[in-house]
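Student: Dropping a structure here in structure tokens format, bear with me for questions.
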Amino acid sequence: MEDRARALFSFGIIADVQFADIDDGMNYLRTSRRFYRNSVALLRDAVRHWEETRVSCVIQLGDAIDGYNKSRDASERALDTVMAEFEKSSVDVHHVWGNHEFYNFSRETLMASPLNSAGKAGAGSDLIADDIYAYEFSPAPGFRFVLLDAYDVSVIGRDASSEKHQQAMKLLLKHNSNADLNQPPDSGLEQRFVKFNGGFSAEQLQWLEEVLTLADQKQERVTVFSHLPIHPDATDSICLAWNYEELLLVLRAHKSVMIFISGHDHDGGFCTDPSGVHHITLEGVIETPPDTSAFGTVYVYEDQMLLKGSGRTADRVLRYP
């Protein structure tokens with residue numbers, strides 16, 4: 447790894463903490479163990495590491511607390527526990543929203559919660575609209591970060607009476623004939639059409655197009671963050687955003703885009719698109735045993751970024767396209 451002291455700046459990334467004060471259990475498919483109570487200890491270690499390495503900011507990629515909290519009337523308590531760890535950070539923490547945020551809270555509640563970090567964007571943008579949680583900001587001169595709302599079109603992120611909920615349900619029923627819409631269809635990429643995924647509205651894609659066009663003109667380097675992955679080679683099909691192809695087309699059309707970072711698939715993943723954009727799916731803390739870890743510190747240089755992984759997260763050299 448290159449001399450980190452020469453980095454222009456650095457930032458931390460972590461995904462799928464999914465804390466709950468309950469005993470260990472298994473994932474939905476019963477293929478992996480989940481360490482609900484210990485996940486906050488791993489978060490604590492990550493925050494301590496970022497304080498020692500003096501990162502410029504931290505990006506939390508969604509699913510900060512687990513959906514099990516809702517049925518136990520423990521959502522607020524669990525969120526307070528997780529936020530207490532993030533508040534030990536001396537730098538801004540930017541939060542992406544995942545499906546478990548919506549299992550615990552309504553969109554309106556999230557907008558008024560500590561998980562709405564748009565106000566920390568400084569010279570960046572306000573939210574696109576009152577009900578779309580996406581914004582952008584510049585962490586350092588010449589660089590831009592964009593946080594996307596992957597549940598903009600969704601049945602879990604939208605009130606049942608809303609147009610976007612109805613649009614999402616129509617899409618799900620078109621592609622998924624199972625009685626349980628969290629049970630994926632049988633074939634290939636169609637498996638992404640499940641209730642725990644979502645998609646990006648035309649309004650959000652248009653906003654992203656405008657942000658990236660301006661970044662092109664300013665010759666900025668852009669990193670995009672989302673809870674849901676958007677490249678089939680960087681994740682299991684069951685974890686893909688519904689309209690991933692539309693978002694890929696937008697990214698490929700802009701020379702400013704360097705890296706796309708997501709969570710959701712707890713096994714993680716990585717690929718480099720033919721356009722040169724690197725797609726990182728970060729391993730989930732919730733399925734990380736107590737004797738290891740899963741987070742990253744990204745060191746940013748003029749010609750590349752270096753991901754220094756911890757535990758299950760691998761080191762990666764990310765050369766700009």
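Read in order, the letters of the sequence shown are residues 447 to 767 in my numbering.
The beta-carbon is built from N, C-alpha and C at its ideal position, and this holds for glycine as well.
(1) Got a sec? Which residues, its chain only, sit under 7 Å from Ser721 by beta carbon, not counting five neighbours each side?
(2) Look at the Cβ atom of Trp688, then the Cβ atom of Asn628, and state whether they are nearer than 9 Å.
(3) How would you call Thr477, buried or exposed, if buried means at least 16 neighbouring beta carbons within 10 angstroms?
(4) Determine, using beta carbons only, whether Thr669 and Phe706 come nearer to each other than 9 Å.
(5) Distance check for Gly634 and Leu573, CA to CA, integer angstroms please.
(6) Could you pull out every residue in the same chain whose Cβ sits closer than 6 Å to the Cβ of Thr681, ignoring the five residues on either side in sequence?
(7) Kindly provide the ranges of any alpha helix (DSSP H) runs that are 4 or more residues long and lie completely inside the region 462 to 514, ordered along the chain.
(8) Could you tell me whether the Cβ of Asp538 comes closer than 9 Å to any Cβ of chain C?
(9) If you follow the alpha helix (DSSP H) that Thr555 is part of, which residue opens it and which one closes it?
(10) Provide the residue(s) that pair with Leu753 in DSSP beta bridges, ordered along the chain.
(11) Excluding the 5 residues flanking Pro678 on each side, which residues of the same chain have their C-beta closer than 7 Å to its C-beta?
(12) With a threshold of 8 Å, are at least 3 pairs of Cβ atoms found where one atom belongs to the region 519 to 533 and the other to the region 582 to 598?
(13) Can you list, in chain order, the residues of its chain with a C-beta nearer than 8 Å to that of Trp496? Leave out the 5 residues immediately preceding and following it.
Tutor: So, from the data block:
(1) Taking the sequence shown and counting its residues from 1, the one referred to as residue 721 is at position 275. Same-chain partners within the cutoff: Arg698, Pro767.
(2) Counting from one through the sequence shown, the residue named residue 688 turns up at place 242. Counting from one through the sequence shown, the residue named residue 628 turns up at place 182. Contact flag unset, no.
(3) By one-based count along the sequence shown, residue 477 stands at place 31. Exposed, because fewer than 16 other Cβ atoms sit within 10 Å of the Cβ of Thr477.
(4) For the purposes of this step, residue 669 is taken as the residue at position 223 of the sequence shown. For the purposes of this step, residue 706 is taken as the residue at position 260 of the sequence shown. Yes, Cβ-Cβ distance for Thr669 and Phe706 is below 9 Å.
(5) Taking the sequence shown and counting its residues from 1, the one referred to as residue 573 is at position 127. Taking the sequence shown and counting its residues from 1, the one referred to as residue 634 is at position 188. Distance between the alpha carbons of Leu573 and Gly634 is about 34 Å.
(6) Here residue 681 corresponds to residue number 235 of the sequence shown, with the count starting at 1. Excluding residues within five positions, the ones whose Cβ falls inside 6 Å are Pro675, Asp711, Gly715, Thr727.
(7) 485 to 499
(8) Protein chains in the displayed structure number just one, and chain C is not present.
(9) Translated into the one-based positions of the sequence shown, residue 555 becomes position 109. Here the alpha helix (DSSP H) through Thr555 covers 553 to 557.
(10) As a first step, residue 753 is located in the sequence shown; it is residue number 307 there, counting from the start. DSSP output for Leu753 lists Val744, Arg762 as bridge partner(s).
(11) In the sequence shown, residue 678 corresponds to position 232, counting from 1. Taken in chain order, the residues that qualify are Leu635, Leu686.
(12) no
(13) By 1-based counting over the sequence shown, the position of residue 496 is 50. Closer than 8 Å at Cβ, skipping near neighbours: Gly458, Val504, Ser535, Val537, Thr743.
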